[in-house]
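Each remark here refers to the structure printed beneath this line.
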Amino acid sequence: MDFQCAILNKTNPPPNWYGMPGHNTHATYQPTPPPVYQHMRPQIYSVSKNTGFLSLEKNIIKNINNDFISYVKSVDDEDPIIDHKAIRGYGGTAIFWKKDLEKSINIMPDGNNRIQVITINSSPLKTCLVNVYMPSLQVAGDLDYKDTLDQISEIIEKYKDSYQTIICGDMNASLHRDNRRRDQNFKEFMSNNNLSLANRYPKAPTFFHHNGKYTSQIDYIMFPETTTGIQTPI
Numbered sequence: 001m002d003f004q005c006a007i008l009n010k011t012n013p014p015p016n017w018y019g020m021p022g023h024n025t026h027a028t029y030q031p032t033p034p035p036v037y038q039h040m041r042p043q044i045y046s047v048s049k050n051t052g053f054l055s056l057e058k059n060i061i062k063n064i065n066n067d068f069i070s071y072v073k074s075v076d077d078e079d080p081i082i083d084h085k086a087i088r089g090y091g092g093t094a095i096f097w098k099k100d101l102e103k104s105i106n107i108m109p110d111g112n113n114r115i116q117v118i119t120i121n122s123s124p125l126k127t128c129l130v131n132v133y134m135p136s137l138q139v140a141g142d143l144d145y146k147d148t149l150d151q152i153s154e155i156i157e158k159y160k161d162s163y164q165t166i167i168c169g170d171m172n173a174s175l176h177r178d179n180r181r182r183d184q185n186f187k188e189f190m191s192n193n194n195l196s197l198a199n200r201y202p203k204a205p206t207f208f209h210h211n212g213k214y215t216s217q218i219d220y221i222m223f224p225e226t227t228t229g230i231q232t233p234i
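Everything in the sequence shown is counted per the UniProt record's numbering, starting at 1 for the first residue and increasing by one.
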């Protein structure tokens with residue numbers, strides 16, 4: 001089984017999700033395809049969102065599109081936030097897949113409430129998809145950030161012999177900034193796990209500060225250098 005997977009970042013407004021109309025479904029497609037690729041209809045979507053992905057919203061999220069099955073985790077799953085006003089940094093992750101893939105996908109128990117893991121019976125190799133929403137500076141310090149990276153490293157190690165692994169999501173760090181400590185931790189994590197971006201992976205902002213002055217690229221799709229069959233739309 002072949003499949004197409006897209007990562008969507010709900011930090012910012014703009015184009016509607018391709019093939020995913022519904023409740024407040026404005027998102028940024030990453031990597032953003034040029035017009036020639038706008039016919040693409042991925043079967044699997046990974047979503048990370050830095051506000052408003054609270055546990056009380058899960059039923060709304062699950063009903064976004066009846067053609068998809070969803071798996072949702074919220075940062076407040078273990079300590080629900082009752083206030084409907086989303087606090088920045090208290091977001092979550094979701095993975096949507098077409099219903100006809102149901103028998104090919106397994107939800108795995110790995111990771112904390114910022115990490116999702118599913119396995120896909122793809123061919124010629126099975127795939128492990130890890131969707132992540134990393135701690136932000138407003139909510140957690142470097143220790144929480146490093147702890148989450150350590151958990152992802154353990155997941156990579158666990159599945160490496162039987163699956164090709166793809167890690168995607170909001171890393172809350174950038175490969176293209178100055179020497180901030182968090183960016184350095186992220187780069188070391190990629191190096192220690194031999195992770196790469198796809199060839200010609202676009203360098204483009206995926207975060208836009210509300211003051212309109214600052215942007216950065218913090219959303220990535222990564223995979224071990226031994227992984228095959230990964231393509232970036234160009």
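Yeah, the Cβ is synthetic: ideal placement off N, Cα and C, and Gly gets one too.
query: Buried or exposed by the 16-neighbour rule on C-beta atoms within 10 Å, applied to residue 235; result: The displayed coordinates of the chain run from 1 to 234. Any statement about residue 235 would go beyond what the structure contains.
query: Unbroken stretches of the beta strand (DSSP E), 3 residues or longer, contained in the segment 82 to 161; result: 92 to 98, 105 to 107, 115 to 120 and 127 to 133
query: Nearest to isoleucine 95 (by Cα), restricted to the options Ser174, Met108, Asn131 and Lys158; result: Asn131
query: Start and end residues, beta strand (DSSP E) containing serine 74; result: 68 to 74
query: Per-residue DSSP class, three states only, for aspartate 178; result: coil
query: Same chain, Cβ closer than 8 Å to proline 224, neighbours up to 5 away in sequence not counted; result: Ile156, Lys160, Gln164, Thr165, Asn193, Asn194, Leu195 and Ser196
query: CB-CB length for asparagine 113 against lysine 73, believed under 8 Å; result: 5 Å
query: Check whether isoleucine 218 and aspartate 170 have beta carbons under 8 Å apart; result: yes
query: Per-residue DSSP class, three states only, for isoleucine 44; result: strand
query: Alpha carbon of serine 191 to alpha carbon of serine 174, nearest angstrom; result: 14 Å
query: Proline 135 classed as buried or exposed, judged by whether at least 16 other C-beta atoms fall within 10 angstroms; result: buried
query: Methionine 171 - DSSP class collapsed to helix/strand/coil; result: coil
query: Status (buried if at least 16 other CB within 10 Å, exposed otherwise) for aspartate 183; result: buried
query: Top-ranked residue by Cα proximity to histidine 176, from Lys98, Ser216 and Ile152; result: Ser216
query: From Ser123, Lys158, Asn185 and Lys103, residue whose alpha carbon lies closest to that of leucine 143; result: Asn185
query: Cβ neighbours of residue 235 in the same chain (closer than 8 Å, five flanking residues each side left out); result: Given a span of 1 to 234 for the chain in the structure shown, any question on residue 235 remains unanswerable.
query: C-alpha distance - glutamate 102 paired with lysine 187, whole-angstrom precision; result: 35 Å
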